[in-house]
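For the sequence shown, position 88 (counting from the first letter as 1) is numbered 90 according to my numbering, and the numbering increases by one without interruption.
All residues carry an ideal CB built from backbone N, CA and C; glycine is no exception.
The next block holds one structure in the form of structure tokens; read it before the comments.
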Amino acid sequence: QFNPNRADWARKKCSIITDGPLFEVCRLHITNYMDYYKNCLYDACGCDSGGDCECLCTSVATFAKECSDRGFYIKWRSQHFCRQFFNIFS
């Protein structure tokens with residue numbers, strides 16, 4: 003179910019794929035990067051599982067994996083964007 007109330011938030015967050023220097027090298031080699039952006043918008047606007055960022059981060063991770071598969075490793079996670087948690091007790 004698409005949630006239009008999340009559209010602005012989704013556009014802002016998913017723009018990590020289309021704008022800025024972080025994924026620039028990937029955009030040069032992945033000509034269909036806009037498809038990943040559109041999928042990110044769809045996922046981010048449609049996710050209502052309580053963890054809003056989970057769907058967004060999974061979508062961006064898919065694009066990052068495509069970059070990695072082509073030889074471009076991008077450290078895209080940060081303290082402020084899709085932070086990665088580790089279970090130190092397992």
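Cα-Cα separation between residue i and residue j, rounded to whole angstroms
i	j	result
residue 47	residue 81	22 Å
residue 7	residue 13	11 Å
residue 10	residue 25	21 Å
residue 59	residue 38	12 Å
residue 1	residue 35	Nothing about residue 1 can be reported from this structure: the residues present for the chain run from 3 to 92 only.
With 16 other Cβ atoms within 10 Å as the buried cut-off, status of residue i
i	result
residue 75	exposed
residue 30	exposed
residue 61	buried
Assigned secondary structure, residue i (DSSP; H/G/I helix, E/B strand, else coil)
i	result
residue 11	helix
residue 31	helix
residue 25	coil
residue 75	coil
residue 80	coil
residue 41	helix
residue 49	coil
Candidates the options: closest to residue i by CA position
i	options	result
residue 27	57, 41, 72, 15	72
residue 19	70, 65, 77	65
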